[in-house]
Amino acid sequence: DAGITQSPRHKVTETGTPVTLRCHQTENHRYMYWYRQDPGHGLRLIHYSYGVKDTDKGEVSDGYSVSRSKTEDFLLTLESATSSQTSVYFCAISGTGFPNEQFFGPGTRLTVL
Amino acid sequence: DQQVKQNSPSLSVQEGRISILNCDYTNSMFDYFLWYKKYPAEGPTFLISISSIKDKNEDGRFTVFLNKSAKHLSLHIVPSQPGDSAVYFCAARSMAGTALIFGKGTTLSVSS
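Protein sequences appear in the order of chains A and B.
Using the numbering used here, the letters of the first sequence correspond one by one to residues 1 to 113.
Using the numbering used here, the letters of the second sequence correspond one by one to residues 114 to 225.
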């Protein structure tokens, strides 16, 4: 299994509070991704990173920001959490080989009350 | 507009029979397709993939077929086993990027 961990695994927070989710990898992969999974929507890309300090937006980036100061860590921040951001968040990584499958972490279940 | 569609939310199959999961796509720029399997409370795990230059790829009990003219791919599982019960996601990648676009998933239930 790819070395990907996510923390926390579960979090309950209140509307309006900032939340940061962490993804940590031990594979030294270049690419890292944040997805959210919701019933009826499958997995949707929030943001991704193609290197340290290099990030780009995905399909559902509004309300989220990311940072990557080290190869192994990719942080997802909800600046002011809303109930619509209640979801399961998955981090994924991939290498530079072509084609490059993505490997997923175990997920973080976030509930915004 | 959904670019990757899995129109069947669920599929029930008996153990030992064939499971066929379908996926349609709309973007002709997609050059690589993947299937992921997901158990409850776990992250998706990569199952099998196919490049757009091929029409079939096999890996043990799993075979993926690609019909480019119809913009359709399917995953065949033969024989199906109870441990195959999971949500299956179809995903596609365009040549221009590295991000994957996922379908909504199909829940497969294999009964013994």
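Beta carbons are placed, not taken as given, at the ideal position from N, Cα and C, and that holds for glycine.
(1) Does any C-beta atom of chain A lie closer than 9 Å to the C-beta of B/Lys217?
(2) Mind reading off the beta-carbon distance from B/Leu134 to B/Tyr201? Whole number of angstroms is fine, and I expect it under 8 Å.
(3) Where does the unbroken beta strand (DSSP E) through A/Thr17 begin, and where does it stop?
(4) Mind listing the chain A neighbours of B/Phe202? Cutoff is C-beta to C-beta under 7 Å, in chain order.
(5) In chain order, which continuous runs of the beta strand (DSSP E) of length 3 or greater are located wholly inside the segment 136 to 174 of chain B?
(6) Is the shortest distance between the beta-carbon of B/Gln119 and the beta-carbons of chain A less than 9 Å?
(7) Taking 9 Å as the threshold (beta carbon to beta carbon), is B/Phe178 in contact with chain A?
(8) How many angstroms separate the CA atom of B/Ser225 from the CA atom of B/Pro192?
(9) So, does the CB of A/Gly58 fall closer than 9 Å to a CB anywhere in chain B?
(10) Could you name the residues of the segment 139 to 163 of chain B whose beta carbon sits closer than 9 Å to any beta carbon of chain A, in the order they occur along the chain?
(11) Helix, strand or coil for B/Asp114 per DSSP?
(12) Have a look at A/Ser86 and B/Leu188 and give me their C-alpha separation to the nearest angstrom.
(13) Less than 9 Å separating the beta-carbons of B/Gly196 and B/Val177?
(14) The beta strand (DSSP E) that contains B/Val126, what's its start and end?
Walking through what the data contain:
(1) As a position in the second sequence, residue 217 of chain B is number 104, starting the count at 1. Yes, contact with chain A.
(2) Locating residue 134 of chain B in the second sequence gives position 21, where the first residue counts as 1. Locating residue 201 of chain B in the second sequence gives position 88, where the first residue counts as 1. Yes, they are in contact, since the Cβ atoms of B/Leu134 and B/Tyr201 sit about 5 Å apart, within 8 Å.
(3) Stepping through the first sequence from its first residue, residue 17 of chain A is reached at position 17. A/Thr17 -> no beta strand (DSSP E), and no H or E assigned at all.
(4) Walking along the second sequence from the start, residue 202 of chain B turns up at place 89. The answer, in chain order, is Gly42, Leu43.
(5) Here the runs fully enclosed are 143 to 151, 158 to 164, 169 to 172.
(6) Within the second sequence, numbered from 1, the residue matching residue 119 of chain B stands at position 6. Closer than 9 Å to some Cβ of chain A, the Cβ of B/Gln119 qualifies, so yes.
(7) Within the second sequence, residue 178 of chain B is the residue found at index 65, counting from 1. Taking Cβ atoms only, chain A never reaches closer than 9 Å to B/Phe178, which makes this a no.
(8) Start at 1 with the first residue of the second sequence, and residue 225 of chain B comes out as number 112. Start at 1 with the first residue of the second sequence, and residue 192 of chain B comes out as number 79. Near 12 Å, if we compare the C-alpha coordinates of B/Pro192 and B/Ser225.
(9) Here residue 58 of chain A refers to the residue found at position 58 when the first sequence is read from its first residue. Output row for A/Gly58: interface = yes.
(10) Asp144, Tyr145, Leu147, Tyr149, Lys151, Ala154, Glu155, Gly156, Pro157, Thr158, Phe159, Ser162
(11) As a working mapping, residue 114 of chain B is identified with position 1 in the second sequence. Looking at B/Asp114 - three-state DSSP - the assignment turns out to be coil, as it is neither helix nor strand.
(12) Here residue 86 of chain A refers to the residue found at position 86 when the first sequence is read from its first residue. Here residue 188 of chain B refers to the residue found at position 75 when the second sequence is read from its first residue. Checking the sequence, you will find Thr at residue 86 of chain A rather than Ser. Approximately 31 Å between the Cα atoms of the pair.
(13) The count along the second sequence starts at 1 and reaches residue 196 of chain B at position 83. The count along the second sequence starts at 1 and reaches residue 177 of chain B at position 64. No.
(14) For this step, residue 126 of chain B is matched to residue 13 along the second sequence. From DSSP, the beta strand (DSSP E) with B/Val126 extends over 123 to 127.
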